[in-house]
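Below: the structure, in structure tokens.
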Amino acid sequence: MVFRTWVAELPPDVELVAAQLPGRGPRIREAPLTRLEPLVEALGQALAPGRIPFVMFGHSMGGLVAFALCHWLRARGYRAPMHLFISGRRAAQCPDSDPPTGELTDDYILSCIRRHGGTPASVLGEPELMELVLPVFRADLELLRSYRHVPTEPLDAPLTALGGMKDDTVQPAQLEGWREHTKGPFALRIFEGDHFFLHSSEAAVLRVVVQAFEGSGAHRA
Numbered sequence: 001m002v003f004r005t006w007v008a009e010l011p012p013d014v015e016l017v018a019a020q021l022p023g024r025g026p027r028i029r030e031a032p033l034t035r036l037e038p039l040v041e042a043l044g045q046a047l048a049p050g051r052i053p054f055v056m057f058g059h060s061m062g063g064l065v066a067f068a069l070c071h072w073l074r075a076r077g078y079r080a081p082m083h084l085f086i087s088g089r090r091a092a093q094c095p096d097s098d099p100p101t102g103e104l105t106d107d108y109i110l111s112c113i114r115r116h117g118g119t120p121a122s123v124l125g126e127p128e129l130m131e132l133v134l135p136v137f138r139a140d141l142e143l144l145r146s147y148r149h150v151p152t153e154p155l156d157a158p159l160t161a162l163g164g165m166k167d168d169t170v171q172p173a174q175l176e177g178w179r180e181h182t183k184g185p186f187a188l189r190i191f192e193g194d195h196f197f198l199h200s201s202e203a204a205v206l207r208v209v210v211q212a213f214e215g216s217g218a219h220r221a
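The UniProt record's numbering puts the first residue of the sequence shown at 1, with every later residue one more than the last.
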């Protein structure tokens with residue numbers, strides 16, 4: 001889990017709640033989802049009707065999921081996050097560069113995995129492990145390609161976009177594009193590292209997140 005090391009570094013009154021998606025971890029036997037809508041629906045049902053203030057953090061595809069989830073909550077009159085963090089993900093209106101689903105060969109998916117980094121070479125070189133990994137990545141790419149952005153009213157929550165200085169998959173201008181999706185304050189933060197700067201710059205990222213808690217009174221991430 002990307003956020004497993006955060007627990008020890010967050011304030012003691014902050015509870016970290018991480019979404020475990022189908023096809024991963026303890027849910028590995030479940031088929032991964034290939035459409036955004038059912039994923040957001042499931043997460044929304046798990047969150048609503050929450051009464052505890054919270055902030056929301058989504059990395060990579062999770063950034064798009066978090067964005068869509070905020071709109072899902074608002075449309076139903078549920079509590080919105082006090083702050084939204086979108087990390088390593090181009091703005092919703094910026095089209096993906098990945099090819100249509102029909103062209104998602106194993107070789108192409110492997111090239112995407114290598115380009116993003118974060119997957120050990122020992123996993124990439126182990127056929128049995130790749131049999132588990134490839135379907136999940138393929139489903140993620142299908143989900144991203146199925147997404148069609150429809151302009152909507154900006155969110156009220158403050159929004160912070162985060163990126164890695166050496167992340168070749170997301171350009172700073174694409175992160176800046178998140179600015180138009182909030183009526184509240186917007187900030188763009190760039191950290192040392194590639195697409196998984198969350199690991200290499202963990203302390204700096206956590207400082208930014210904790211500042212949001214201090215200003216919002218939230219107790220859940």
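A virtual CB, placed ideally from N, CA and C, is assigned to each residue, including glycine.
Residue i - partner residues in DSSP beta bridges
i: T182; result: L155
i: F191; result: G164
i: L64; result: L64 is not bridged to any residue.
i: S87; result: H59, L162
Nearest candidate by alpha-carbon position, reference residue i, set the options
i: L162; options: G177, R148, L69; result: G177
i: V136; options: V7, E192, R27; result: R27
i: F186; options: L84, R207, L47, R35; result: L84
i: E37; options: D13, G50, C70, V14; result: C70
i: R51; options: L33, G77, F57; result: G77
i: P172; options: S111, A46, I190, L198; result: I190
i: L144; options: F57, L43, G62; result: G62
i: G184; options: V150, E142, F213, M82; result: M82
i: T34; options: L104, R79, F3; result: L104
i: H181; options: D156, D13, S87; result: D156
Cβ-heavy atom distance, residue i to the ligand FAD, below 8 Å
i: A8; result: The ligand FAD is not part of this structure, which contains no ligands at all.
Rounded Cβ spacing between residue i and residue j (contact assumed at less than 8 Å)
i: F67; j: A92; result: 6 Å
i: G44; j: L10; result: Not a contact, Cβ separation roughly 24 Å.
Helix, strand or coil at residue i according to DSSP, with G and I counted as helix
i: M56; result: strand
i: E15; result: strand
i: M130; result: helix
Contacts around residue i, its chain only, beta-carbon distance under 6 Å, and the 5 residues preceding and following it disregarded
i: residue 226; result: A query on residue 226 cannot be resolved here, the shown segment of the chain reaching from 1 to 221 and no further.
i: F197; result: G164, F191
Own chain partners of residue i with C-beta closer than 7 Å, once the 5 adjacent residues on each side are dropped
i: E192; result: M165, S200, S201
i: D96; result: L144, R145
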